[in-house]
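Numbering (the numbering used here), first residue to last: 40 to 527. Worksheet for the structure shown next.
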RNA sequence: GUCUCCUUCGUCUAGCGGUUAGGACACCGGGUUUUCAUCCCGGCAACACGGGUUCAACUCCCGUAGGAGAUACCA
């Protein structure tokens, strides 16, 4: 059987990391099995729909480098791939169930629905529709119609018996029909389908073979099976993925930290790190391997390596992956990624000069091992493009020295500056080490005042390299500024 | 409340009847080092509990507890 899978997001918000992981698993599964990956937009909730959300969806996957084989933007044999453009199809199918007596019109007002829900919860009963309209007489229906009430169409869930849903991961899941959502709405009064109808109809029509989606959908799966049966269709193969949780074990949400791929992107995470990390949430390859490129995953992904238990999203481990992938970049690649960040943070102007860009490129070896996210570059490199901000004079004084000693160190360092640019790292170090010995201080103590003078911080990229990039003149003036600060 | 699912170090996980229960992140030490980082070495740390089945259970079965998800004219 040929594999056809889909990602079917609802454009109501930014692409959530959990949803994206589901999309990725579908995509990898399709690739690994030479199948098709379909994108379908489930925009049936007009109230929550947003254009920005749709744009974010496209931006996110473009950034991740993931393409679908069929979708709204590229078409395909089962177009359209946007549910709002398929209304007639859903209506037709709802009408069919209505005609066959498998669904019915419901005229209940929202007020009445609210009321029964309140009563039910007050009496500690399961909230749900009371099936009031399930057995309306023809006369009653005509009367409501005459009043101009727009009905919804509800599905007749069997009152007895049970339904079994098979899941590749979870096995057979049985449910008594009486425990299934009592007669869910299929077609809303605005004429749009609900998720249940549209999803089932489209998955069947688009010949979806496997449904890989998060476990939060398990409870509605038996209902979907019932729907397939009502239409006389065979359900696809289900595989409910473990969910992604926050550190407290609850569904990952805003209060745990970033949740959208966009936020991670803006924070300076690399797509390969996000993909790699997220793929290891609920899936593993073996007992040791943890680095996977997209193309590795496109080859290696299998359902039988999936885990059942929910996974907690660990921001620290993502950081680690990101640092790893940053270090894997060539200096050229990294510079290209860092320049936009530098511009955004005002370290570089909007239209930097070629010399400035060259400087950024030259600085990459100095900061590559020091970045966890691309955004770290701004803090690390700002000193190259602007005078250090005000810092307290005490910063210049190492623990082992006093102000006088620090001042002396700066003076000696200034004297060694000439010709530093042409010296190798080793020569420069030998030179300064010799001076430190002469002064009877440790190299670190000689260098620390200079480091602060030059970069404005005790934490910085390697000093000699930094000085070389900054230039002797600027270095000298910063050292002088520091010395005068100390003499105040 | 009801239904369903889940349960190995703090976290992600390996394990598929017999292992000193392995790896990674985090954390804590140590080394390299010019600060920070990188890198290297070492350490800490887990089979939720109780019954079975079996010569033998982390592994199989049944309970219990805990956790999560779902209970919409949202998906």
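Cβ atoms here follow ideal geometry from the backbone N, Cα and C, with glycine treated the same way.
For residue j and residue i, the rounded distance between their alpha carbons
i	j	result
residue 494	residue 488	10 Å
residue 485	residue 93	56 Å
residue 359	residue 366	11 Å
residue 44	residue 88	24 Å
residue 446	residue 432	11 Å
residue 394	residue 411	26 Å
residue 455	residue 316	47 Å
residue 246	residue 264	15 Å
residue 237	residue 179	29 Å
residue 504	residue 452	15 Å
residue 389	residue 305	18 Å
residue 133	residue 52	28 Å
residue 177	residue 187	16 Å
residue 436	residue 477	19 Å
residue 323	residue 465	45 Å
residue 301	residue 46	18 Å
residue 154	residue 65	41 Å
residue 364	residue 104	16 Å
residue 22	residue 291	Nothing can be reported for residue 22, as the shown portion of the chain is limited to 40 through 527.
residue 293	residue 354	13 Å
residue 288	residue 351	7 Å
residue 537	residue 206	No statement about residue 537 is possible, as the shown extent of the chain runs from 40 to 527 and does not include it.
residue 74	residue 424	51 Å
residue 173	residue 283	38 Å
residue 285	residue 357	14 Å
residue 102	residue 108	17 Å
residue 98	residue 184	45 Å
residue 161	residue 170	19 Å
residue 473	residue 448	13 Å
residue 297	residue 413	16 Å
residue 419	residue 391	18 Å
residue 217	residue 83	27 Å
residue 514	residue 506	6 Å
residue 189	residue 175	15 Å
residue 314	residue 362	14 Å
Nearest-angstrom Cβ-Cβ length linking residue i and residue j, presumed shorter than 8 Å
i	j	result
residue 267	residue 258	Incorrect: roughly 16 Å between the Cβ atoms, too far for contact.
residue 127	residue 136	Contact doesn't hold; Cβ gap of about 15 Å is too wide.
residue 125	residue 119	6 Å
residue 54	residue 95	6 Å
residue 196	residue 221	6 Å
residue 223	residue 262	6 Å
residue 281	residue 348	6 Å
residue 37	residue 249	Lying before the first or after the last residue shown, residue 37 is absent from the chain, which here runs from 40 to 527.
residue 340	residue 71	5 Å
residue 525	residue 442	5 Å
residue 399	residue 380	The pair is not a contact, with the Cβ atoms about 10 Å apart (cut-off 8 Å).
residue 148	residue 191	Actually they do not touch by this definition, with Cβ atoms about 11 Å apart.
Residue i - partner residues in DSSP beta bridges
i	result
residue 252	279
residue 114	110
residue 75	43
residue 398	Answer is none; residue 398 lacks a bridge partner.
residue 210	206
residue 284	290, 351
residue 215	201
residue 235	In DSSP, residue 235 forms no bridge with anything.
Member of the options whose CA lies at the smallest distance from the CA of residue i
i	options	result
residue 326	344, 312, 314	344
residue 522	200, 492, 505	492
residue 278	519, 321, 284	321
residue 426	55, 517, 506	517
residue 251	272, 209, 285, 353	209
residue 500	407, 351, 49	407
residue 428	276, 496, 357	496
residue 81	239, 288, 515, 121	121
residue 338	276, 508, 63	63
residue 434	235, 490, 462	490
residue 226	85, 130, 216, 276	130
residue 444	461, 418, 480	480
residue 260	303, 229, 202	202
residue 460	370, 362, 508	508
residue 336	69, 40, 441, 50	69
residue 440	482, 253, 514	482
residue 334	49, 67, 60, 144	67
residue 40	276, 502, 181	276
residue 110	241, 371, 510	241
residue 61	168, 318, 498, 383	318
Handout entry: Every unbroken alpha helix (DSSP H) within the segment 121-201, with a cutoff of 4 residues, ordered by chain
Key = 126-138, 149-161, 177-185
Problem - Length at least 4, wholly inside the segment 318-349: the alpha helix (DSSP H) runs in chain order - result: 333-339
Handout entry: Ordered list of alpha helix (DSSP H) runs contained in the segment 420-462, each at least 4 residues
Key = 442-455
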